[in-house]
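**Student:** Here it is, the structure, as structure tokens.
Laid out in structure tokens, this is it:
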């Protein structure tokens, strides 16, 4: 039986593959349709650390780029990963 952590990793792996190899349109959809919502949820109290380690390098870079674009300082632990 697949547990929640495995399901989360599988979903985030799909998003990472899109970020790494998808078309510009597909990458934009992941950023604006999921990663942006994830960062906004973190602003409202969601513990981003719970999933940050499961995000791939491309997804993490996109999150950092969004924060930079918005003028939001990313905490050190986000930049260190």
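Numbering (our numbering), first residue to last: 144 to 224.
All C-beta atoms, glycine included, are put in the ideal place defined by N, C-alpha and C.
Just so you know, these numbers come straight off a predicted model, no measurement behind them.
(1) So, at 7 Å on beta carbons, what are the nonlocal neighbours of residue 201 in its own chain, with the 5 sequence-adjacent residues on each side left out?
(2) What first and last residue would you give for the alpha helix (DSSP H) that runs through residue 202?
(3) Once the 5 residues before and after residue 178 are set aside, which same chain residues still bring their CB inside 7 Å of it?
(4) Using a Cβ-Cβ cutoff of less than 6 Å, which residues in the same chain neighbour residue 170 once the five nearest sequence positions on both sides are dropped?
(5) Answer yes or no: do residue 222 and residue 194 have a C-beta to C-beta separation smaller than 8 Å?
(6) For residue 187, which of helix, strand or coil comes out of DSSP?
(7) Please classify residue 173 as buried or exposed, where buried requires at least 16 other C-beta atoms within 10 Å of its C-beta.
**Tutor:** The answer reads as follows:
(1) Around residue 201, the same chain offers 159, 162, 163 as residues with beta carbons nearer than 7 Å, after the five sequence neighbours per side are excluded.
(2) Counted as a single uninterrupted DSSP element, the alpha helix (DSSP H) harbouring residue 202 occupies residues 200–213.
(3) Once the five neighbours on either side are set aside, the close Cβ partners of residue 178 are 202, 205, 206, 209.
(4) Result list for residue 170: 162, in chain order.
(5) Against a cut-off of 8 Å, the Cβ pair of residue 194 and residue 222 comes out as no contact.
(6) For residue 187, the secondary structure class from DSSP, reduced to helix, strand or coil, is coil.
(7) Taking all protein chains shown into account, residue 173 has 16 or more neighbouring C-beta atoms within 10 Å of its C-beta and is therefore buried.
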